[in-house]
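Structure record follows, encoded as C-alpha cells.
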Ligand code: SF4
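Residue numbers (the numbering used here): 45 to 502.
This is the structure:
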C-alpha cells in the first residue's frame, strides 16, 4: 500500500470514531439539509432546472475553445488584462510580476478554491505580502492555521464554542463570545485591511463569454469590498467556469445558492465587466484575469470524466456523502474532497497518487442524486476503479483474493468443497484482519442456505 493511502486509512479510522467531530458535522450538515429542503421548493420543477443546467454545460464542453476565446476578446475590450496559465507555476509567475510592479505589501482575498489549488497564501507570505482572508469561514481557518475543510463552508468542522475559543487565543476576546460578537469584531478588523490593501484577489463563480464578464456570488459583502477598494484586482479562474450568455446566470445563480446553502439567492451577486471607467467613482484601476487550466484539460480529454467540468462547486455531493460525513474533509488531503474530489484529483494532479480515493465510496449514488448539473458521480467513481484494475494497478494481494473470490463465487461446487469448520478457522486467522476489528465476527453456518432450502422443500 502506498504511503499516502496508508495515511488516509489511518486518518479515516481516527476521525471516523471521533465522537466530537461526528457531533459537529452531523449538526452542521443537519442544518444544511433543512435549509436545502426548503430551498428546493423555490423551483417550480427542480428536475427541469437541473436538466437545463446540464444541457448548457454540455454545450459549453462542446464549444469551450470558442467560448473562452470570445470571453478573452470581450474582456480585453472591457479594459481587462488576460493571461492564460497551464500550470500553477505559470499563475504564480504572473502573480509575482503583479506584486513586483504594483509594489504590493498587503492583499485582501475573497474565498477561492482555485487559490487553494495554487497554495497562493503560502506563496504570497514567502514574498512578505500580508494576506487577509475576508470570508468569515476562511478567516476562521486562516487564524487556526488550517486549510478549508469543505469547498463551500470552510469552517464546517468548528462549533461556535471552538470559534469562540480560537478568537480568545488569537485576539483576546471573551471565551464565551457569541457568533454575532465575533462577526462584529471581524468586520471592524477587516475594514482597516480593505482600506490599506494594494491588491484584491478573487476567484470566479462564472465567466460570461458573451460579455467578457466575471460573475461572483457571496453572502457577506466582503467580495464587494475586495474588488472595489484596492487599486488592482486579480481574478484567477478555472477555465471550466465559462458560461455562454449573461442570461444563463438566471438559472445558475439560484441553482448554486439552493444547493450550496439552501438560499433562494445569495445576498450579493455581482457581474464585473472591467476596471473602473473614467466617470466611475468605485472599482479597481487595473483588472487582471488569469485563465487557469491546472489539469482541467486532462479531465476534458477523458471520455465521461469530462462531465466533471460541469461542476459548479456547490458542495452538495460532499454533504450527501456518508463517507465524507464520517471521515471529514481534512482526511482526503486534496484541494477538492468528497465524491467530486475523489473522481477528479488524480487527473488534476497529473499523478496516480490519489487514485485510491475512488475506492473510498459506498457507491450509494446519493452524490449523483443531489448534483445540480447531473454529473453521474458514482458511475465515474466506478469507471475510475475499472481503469485502475484494467491498468493492472491493483495490488498483488488484492488481485489474488479477488481472482479466487470470483472463481469460488461462480461455482457452487467449489464454494461447498471447503466446509464451514475450515472457513471459520481461516476467518479467525488471516480473514479477521481483512474483515476488520470493528465488525462483529463472521461465522459460517454449518449447512449452506441452498442445502437447507432443498431439505425444507424436497
Ligand atoms: S459535483 Fe455536483 S454536487 Fe458536487 S460540488 Fe460539483 S456541482 Fe455540486
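Virtual Cβ for every residue (Gly too), placed ideally from N, Cα, C. From a predicted model like this one, the values you see are computed outputs, not experimental measurements.
Query raised in the report: Which same chain residues, not among the five before or five after residue 174, have their C-beta less than 6 Å away from its C-beta?
Result: Answer for residue 174: 150, listed in chain order.
Query - residue 129: first and last residue of the uninterrupted beta strand (DSSP E) it sits in - result: Here the beta strand (DSSP E) through residue 129 covers 125-129.
Query raised in the report: Among 303, 75, 134, which one has its Cα closest to the Cα of residue 356?
Result: Ranking 303, 75, 134 by Cα distance to residue 356 puts 303 first.
**Report entry** Reference residue 371, options 58, 51, 47, closest by Cα
**Finding:** Of the candidates 58, 51, 47, 58 places its Cα closest to the Cα of residue 371.
Report task. Report the residue from 317, 216, 409, 376 whose alpha carbon sits nearest the alpha carbon of residue 48. Result -> That would be 376, whose Cα lies nearest to the Cα of residue 48.
Requested in this report: For residue 547, I'd like the list of residues in its chain whose CB is within less than 7 Å of its CB, leaving aside the five on either flank, ordered along the chain.
Outcome: Residue 547 lies beyond the range of the chain shown here (45 to 502); nothing can be said about it.
Report task. State yes or no: is the C-beta of residue 358 nearer than 6 Å to some heavy atom of the ligand HEM? Result -> Among the ligands in the structure shown, the ligand HEM does not appear; only the ligand SF4 can be found there.
**Report entry** Separation of residue 389 from residue 311, as counted between CA atoms
**Finding:** Computed Cα separation, rounded: 31 Å.
**Report entry** Between the CA atoms of residue 198 and residue 152 - distance to the nearest angstrom
**Finding:** Spanning the two alpha carbons is a distance of roughly 17 Å.
Query raised in the report: Between the beta-carbon of residue 429 and the beta-carbon of residue 402, is there less than 7 Å?
Result: Yes, the pair counts as a contact, with Cβ atoms nearer than the cut-off.
Requested in this report: With hydrogens ignored, establish whether the beta-carbon of residue 417 is closer than 6 Å to any heavy atom of the ligand SF4.
Outcome: True, at least one ligand heavy atom lies under 6 Å from that Cβ.
Query raised in the report: Can residue 245 and residue 293 be called in contact, C-beta distance under 7 Å?
Result: Contact flag unset, no.
Report task. Mind reading off the beta-carbon distance from residue 94 to residue 418? Whole number of angstroms is fine, and I expect it under 8 Å. Result -> Contact between residue 94 and residue 418 is confirmed by a C-beta separation of about 6 Å, below the 8 Å threshold.
Query raised in the report: For the 8 Å Cβ check, are there 3 or more pairs between the segment 93-110 and the segment 121-135?
Result: The segment 93-110 is not in contact with the segment 121-135.
Query raised in the report: Would you report the Cα separation of residue 305 and residue 368, rounded to the nearest angstrom?
Result: Take the alpha-carbon of residue 305 and the one of residue 368: they are about 17 Å apart.
Query raised in the report: Do the CB positions of residue 112 and residue 283 come within less than 7 Å of each other?
Result: Residue 283 sits close to residue 112, with the two beta carbons spaced by under 7 Å.
Query raised in the report: Under a Cβ-count criterion, where at least 16 other Cβ atoms within 10 Å of its own Cβ denotes burial, should residue 398 be classed as buried or exposed?
Result: With 16 or more Cβ atoms within 10 Å of its Cβ, residue 398 is classed as buried.
**Report entry** Length of the line joining the Cα atoms of residue 461 and residue 497
**Finding:** About 18 Å.
Query raised in the report: For residue 295, which residues from the same chain have a beta carbon less than 8 Å from its beta carbon, with the 5 sequence-adjacent residues on both sides left out?
Result: Closer than 8 Å at Cβ, skipping near neighbours: 93, 96, 97, 100.
Query raised in the report: What do you reckon, are the CB atoms on residue 339 and residue 392 nearer than 7 Å?
Result: Contact flag set, yes.
Query raised in the report: Rounded to a whole number of angstroms, what is the C-alpha to C-alpha distance between residue 236 and residue 209?
Result: Their Cα atoms are separated by approximately 24 Å.
Report task. Run through the segment 319-354 for me and flag every whole alpha helix (DSSP H) of 4 or more residues, listed as ranges in chain order. Result -> You should have 340-345.
Query raised in the report: Should residue 385 and residue 194 be called a contact, given that it needs their Cβ atoms to be closer than 7 Å?
Result: Taking 7 Å as the Cβ cut-off, residue 385 and residue 194 do not qualify as a contacting pair.
Query - Residues that DSSP places opposite residue 174 in a beta bridge - result: BP columns for residue 174 point to 150.
Requested in this report: Measure the Cβ-Cβ separation of residue 315 and residue 259 and say whether it is below 7 Å.
Outcome: Cβ distance < 7 Å, so residue 315 and residue 259 count as in contact.
Report task. Counting only runs of 4+ residues fully inside the segment 213-245, write out the alpha helix (DSSP H) ranges in chain order. Result -> You should have 223-240.
Query raised in the report: Beta carbon of residue 361: closer than 6 Å to some heavy atom of the ligand SF4?
Result: Yes, since a heavy atom of the ligand SF4 falls inside the 6 Å radius drawn around the Cβ of residue 361.
Query raised in the report: Is DSSP giving residue 388 helix, strand or coil here?
Result: Reduced to three states, the DSSP call for residue 388 is helix.
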